[in-house]
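J.: Going by the UniProt record's numbering, the final residue of the sequence shown carries number 214, and the count climbs one at a time with no gaps.
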Amino acid sequence: MSSNTPAGQSMLKKEVESLSTEINGLSAVLRSLHALASELEAEASFEPTLRMQHLTHCKQTLETLRNRVKKAADDFDNKAKWEGITRRLKWPFSASETKDLLSDISRCKETLTLATAANTMRKLQICLTNQADLDRKLDRKLDNITHILERDEADVRKRLVLDFFMKPEASPKTNLSQSIRLRHPTTGSWLTSSHAFRAWLDTPGCWLGASTNN
Numbered sequence: 001m002s003s004n005t006p007a008g009q010s011m012l013k014k015e016v017e018s019l020s021t022e023i024n025g026l027s028a029v030l031r032s033l034h035a036l037a038s039e040l041e042a043e044a045s046f047e048p049t050l051r052m053q054h055l056t057h058c059k060q061t062l063e064t065l066r067n068r069v070k071k072a073a074d075d076f077d078n079k080a081k082w083e084g085i086t087r088r089l090k091w092p093f094s095a096s097e098t099k100d101l102l103s104d105i106s107r108c109k110e111t112l113t114l115a116t117a118a119n120t121m122r123k124l125q126i127c128l129t130n131q132a133d134l135d136r137k138l139d140r141k142l143d144n145i146t147h148i149l150e151r152d153e154a155d156v157r158k159r160l161v162l163d164f165f166m167k168p169e170a171s172p173k174t175n176l177s178q179s180i181r182l183r184h185p186t187t188g189s190w191l192t193s194s195h196a197f198r199a200w201l202d203t204p205g206c207w208l209g210a211s212t213n214n
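1. Are LEU112 and LEU19 close, meaning C-beta to C-beta below 8 Å?
2. Whether or not the region 94-108 and the region 53-69 are in contact is what I'm after, with contact meaning three or more pairs of Cβ atoms, one per stretch, closer than 8 Å; do they touch?
3. Quick check on PHE197: buried or exposed, where buried means 16 or more other Cβ atoms within 10 Å of its Cβ?
4. Give the DSSP-derived three-state secondary structure of PHE165 in the structure shown.
5. How far does the alpha helix (DSSP H) with PHE93 in it extend, from its first residue to its last?
6. Less than 7 Å separating the Cβ of THR21 from some heavy atom of the ligand ATP?
7. Look at the Cβ atom of VAL29, then the Cβ atom of LYS137, and state whether they are nearer than 8 Å.
8. If THR116 sits next to SER27, beta carbons under 8 Å apart, how far is it from one beta carbon to the other, in whole angstroms?
9. Measuring straight from C-alpha to C-alpha, what distance separates THR98 and GLY25?
10. Expressed to the nearest angstrom, what Euclidean distance is found between the alpha-carbon atoms of LEU65 and ILE23?
11. By the DSSP assignment, the alpha helix (DSSP H) with ARG198 in it spans what residues?
12. Classify ARG107 as helix, strand or coil using the three-state DSSP reduction.
13. With H, G and I counted as helix, E and B as strand and the rest as coil, what does DSSP make of GLU183?
14. Mapping DSSP to helix, strand and coil, what is GLY25?
15. Rounded to whole angstroms, what's the CA-CA distance from PRO172 to ARG157? Just pull it up for me.
16. Would you kindly work out how many angstroms separate the C-alpha atoms of TRP200 and ASN175, rounded to a whole number?
17. Work out the CA separation of ARG140 and GLU150 for me, nearest whole Å.
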């Protein structure tokens, strides 16, 4: 159908509107991709799903559209090049070219959308993995804290038992300290220096000096 007929012009108008919608959608995807790329830029270990050829093809399509539209706009603004109202108001692409542009931009948008979604999902998986590692570290720390608390609780119970059976008035430490303090250096020398004690101590088979297997 010729774009010069009313029906053709109506069809072309719809395709141009569709092209405008796709371009706006692609713009939104590119903004999302830019935000995601900014987050992943510092992560050298993260390998993105998006490949450079995806962006290269998209860039070429947009540059083709931009250059043709810009030339038409420049001709419209340059009064020295006016070639009549029809020339100045004409859409710079034929119907078939508009369809091709619409197809290319739609394909670019779908590719970038899938790549962005895949990268976002991988980023989410990495975050979940990091969260799982953090949870395991926290679990280990909680186990250590629980062990310390249980040990302290056992020490407290032990201390309570000792305090119950070793009350200050029943502790032998006081009497031992007093005995050591009151002991005379020569206490017991009358026994250890006696001939009978020395003879008994030196007698073979004495239990005090005997071997344990005798």
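Heads up, the beta-carbon is just placed ideally off N, CA and C, and yes, glycines get one too.
T.: Let me lay it out:
1. no
2. yes
3. exposed
4. helix
5. For PHE93, there is no enclosing alpha helix (DSSP H), as DSSP gives it neither H nor E.
6. Ligands displayed in this structure: none; no statement on the ligand ATP is therefore possible.
7. no
8. 13 Å between Cβ atoms; not a contact.
9. Whole-angstrom Cα-Cα distance: 17 Å.
10. Inter-residue distance for LEU65 and ILE23 is about 10 Å (C-alpha atoms, whole angstroms).
11. 195-202
12. Three-state result, ARG107: helix.
13. Residue 183 is actually Arg in this sequence, not Glu. The answer is coil: DSSP assigns ARG183 none of H, G, I, E or B.
14. helix
15. 22 Å
16. Rounded to the nearest angstrom, the two C-alpha atoms are 31 Å apart.
17. 15 Å
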